[in-house]
Ligand SMILES: [Zn+2]
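Numbering (my numbering), first residue to last: 1204 to 1458.
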């Protein structure tokens, strides 16, 4: 009887921890991960209600006729009047709308390096990793030409990092960015969940992570359409990543 009770309590405790990690991870990221790993930007400090939107894996393309793509995403952001940072995959520039990079820059968005393929590259050695980084940078600059493209942000695939990788990234003049509010959109939860998740986890200095892929673009459009007004009603301003950091001391600068 006593043993069954302990097993029951252990199971309940584990389930609670798991639920907190899945449903309310932002506090852990903000108060534990960010101070532990200042080389990575998960979120900004400061108390003012500002958030940055980051969108990974684009530019996306229509798999079926009429499907929305990154261009509809740019239209929506323009209508909502909010900036975003697009973490672009080098090889997706071959499939996505050729005008995406120029239009995103003209609309005032920032671009980040998300390496050549949508994969976890934490197992690559320095040379192979930097090849990914450099070739993506080259493609991005080519797509942006003749406009100069200052690239500052890098997000490695799947969010997997290790300390040597962070040093390689820094040596190339980039900052590694992950995020603090990821509503599990790549797992295709219902819109209501994504909307609830963002509202429950948002905090001053939050970095929201969404995805611009053929399988997520429709949900990303719907989520942004709902979440941006939700955040604004709560007094949050959506700002560019650079402006988010201007709000409070950069953890790296302190660290
Ligand atoms: Zn990705």
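Positions of the beta carbon are idealized from the N, C-alpha and C atoms, including for glycine.
The structure presented is a predicted model; accordingly, all values stated were derived computationally and were not measured.
If you keep only unbroken beta strand (DSSP E) runs of at least 3 residues inside the segment 1294-1319, you get 1313-1316. For residue 1258, the three-state secondary structure derived from DSSP is strand. The alpha carbon of residue 1382 has as its nearest neighbour, out of 1288, 1205, 1266 and 1274, the alpha carbon of 1288. With 6 Å as the limit between CB and the heavy atoms of ligand 1, the residues that fall short of it are 1259, 1260, 1317, 1321 and 1360.
Assigned with DSSP and collapsed to three states, residue 1209 falls in helix. For residue 1410, the beta-bridge partners assigned by DSSP are 1255.
Under the three-pair Cβ rule at 8 Å, the segment 1311-1322 does not count as touching the segment 1296-1303. Boundaries of the alpha helix (DSSP H) harbouring residue 1430: 1420-1436, taken from the DSSP string.
A residue is called buried when at least 16 other Cβ atoms come within 10 angstroms of its Cβ; residue 1233 meets this threshold and is buried.
Assigned with DSSP and collapsed to three states, residue 1287 falls in strand. Taking the CA atoms as reference points, residue 1293 sits about 35 Å from residue 1222. Residue 1377 places its beta carbon 8 Å or farther from that of residue 1394. Per DSSP, the unbroken beta strand (DSSP E) holding residue 1380 starts and ends at 1378-1380.
Counted as a single uninterrupted DSSP element, the stretch harbouring residue 1384 is not any alpha helix (DSSP H), since DSSP gives it neither H nor E. Considering only 1240, 1400 and 1250, the residue with the shortest C-alpha distance to residue 1225 is 1400. For residue 1352, the secondary structure class from DSSP, reduced to helix, strand or coil, is coil. In the DSSP assignment, residue 1416 falls outside any alpha helix (DSSP H) and carries neither an H nor an E. Close CB contacts of residue 1385 within its chain, under the 7 Å cut and outside five residues either way in sequence, are with 1412 (chain order).
Within 10 angstroms of the beta-carbon of residue 1217 lie fewer than 16 other beta-carbons, which makes it exposed. Taking one beta carbon from each stretch, the segment 1415-1434 and the segment 1235-1245 have fewer than 3 pairs nearer than 8 Å; the two do not touch. Contact check for residue 1380 and residue 1358: beta-carbon distance about 5 Å, within the 8 Å limit, so the pair qualifies. Between residue 1375 and residue 1336, the CB-CB gap stays under 8 Å. Inter-segment contact for the segment 1259-1277 and the segment 1437-1448 is absent: fewer than three beta-carbon pairs are separated by less than 8 Å. Taking the Cα of residue 1311 as reference, the smallest distance to any Cα among 1281, 1238, 1317 and 1318 is reached at 1281.
The beta carbons of residue 1408 and residue 1444 sit about 11 Å from each other, so the pair does not count as a contact at 8 Å. Within the model, the alpha-carbon separation for residue 1449 versus residue 1410 is close to 14 Å. In the structure shown, the three-state DSSP call for residue 1325 is coil.
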